[in-house]
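*Asks:* Take a look at the following structure, please.
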Amino acid sequence: MLLPLLAQARAPEKVLILGDSISAAYGMNIEQGWVHLWARSLQDRAQIINASISGETTAGGLARLPALLAQHQPDVVVIELGGNDGLRGYPLSQLKQNLTQIIRLSQAAGAKVALVPMQIPPNYGEAYTRRFYETFAHVAAAQEATLTPFILEDVALSPDLMQNDGIHPTAAAQSLLLAKLEATLNSMLQATSTSTP
Numbered sequence: 206m207l208l209p210l211l212a213q214a215r216a217p218e219k220v221l222i223l224g225d226s227i228s229a230a231y232g233m234n235i236e237q238g239w240v241h242l243w244a245r246s247l248q249d250r251a252q253i254i255n256a257s258i259s260g261e262t263t264a265g266g267l268a269r270l271p272a273l274l275a276q277h278q279p280d281v282v283v284i285e286l287g288g289n290d291g292l293r294g295y296p297l298s299q300l301k302q303n304l305t306q307i308i309r310l311s312q313a314a315g316a317k318v319a320l321v322p323m324q325i326p327p328n329y330g331e332a333y334t335r336r337f338y339e340t341f342a343h344v345a346a347a348q349e350a351t352l353t354p355f356i357l358e359d360v361a362l363s364p365d366l367m368q369n370d371g372i373h374p375t376a377a378a379q380s381l382l383l384a385k386l387e388a389t390l391n392s393m394l395q396a397t398s399t400s401t402p
């Protein structure tokens, strides 16, 4: 009985990335994206399932989530959604409700949750832009999820690190995206691993 128990204890943690084009490596090979770079750096410490789809909204992510949770049974869920909601001017109440439900479903399935905040250009006015960004912190605090730093913080205002559309980062920027999240996400994996019986 000892060998099966040891093998089970050493099984890598499963991480589900539920994201949009920022995590789906839009405009480049998937192997160049930050998610793949993170998986490669972790080696055998974790199994990364990238369920990100370009153009995804929080409503789309919420609709797909139950099946993903049932299929993969992740230990950690990283939510990188909301940017497309903001770019389309969706109601912030809808953003809040969808993110809350995504977190609750993930936690009910036994996963720790990291929420990646998004920022948008001020197309819909300063008030909407500010409240949009603040929604992520409010939801994370209310649901006791981990709020990561803003993934594009060191990239969004550097034209040489953004694609021609001004929205998506280049392949050269992907290591900076990973660097912004890596400490937080690795810390969550460490905590999950040590708490596993």
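According to the working numbering, the sequence shown holds residues 206 to 402 in order.
Idealized CB from N, CA, C, for every residue including glycine.
1) Take Ala230 as the anchor and find which of Glu387, Met367, Ser398 and Ala396 has the nearest alpha-carbon.
2) Contact defined as beta carbons within less than 8 Å: I believe Ser226 pairs with Gly266. What is the distance between those atoms, to the nearest angstrom?
3) Would Ser228 be called buried (16 or more neighbouring beta carbons within 10 Å of its own) or exposed?
4) Rounded to whole angstroms, what's the CA-CA distance from Arg269 to Ala275? Just pull it up for me.
5) What separation, rounded to the nearest whole angstrom, lies between the Cα atoms of Ile235 and Ile372?
6) Should Ile284 and Ile258 be called a contact, given that it needs their Cβ atoms to be closer than 9 Å?
7) Under a three-way DSSP split, which group does Met367 fall into?
8) Going by DSSP in three states, Leu357 sits in which element: helix, strand or coil?
9) Would Gly291 be called buried (16 or more neighbouring beta carbons within 10 Å of its own) or exposed?
10) Can you look up Asn255 in the DSSP assignment and give me helix, strand or coil?
11) Just the Cα atoms here: how many angstroms apart are Leu381 and Phe341?
12) Which full runs of the alpha helix (DSSP H) of 4+ residues lie inside the region 247-303, going along the chain?
13) With DSSP collapsed to three states, give me the class of Pro374.
*Replies:* Reading from the atomic positions:
1) Met367
2) Ser226 to Gly266, Cβ: 13 Å. No contact.
3) buried
4) 11 Å
5) 17 Å
6) no
7) strand
8) coil
9) buried
10) strand
11) 21 Å
12) 263-277 and 288-292
13) strand
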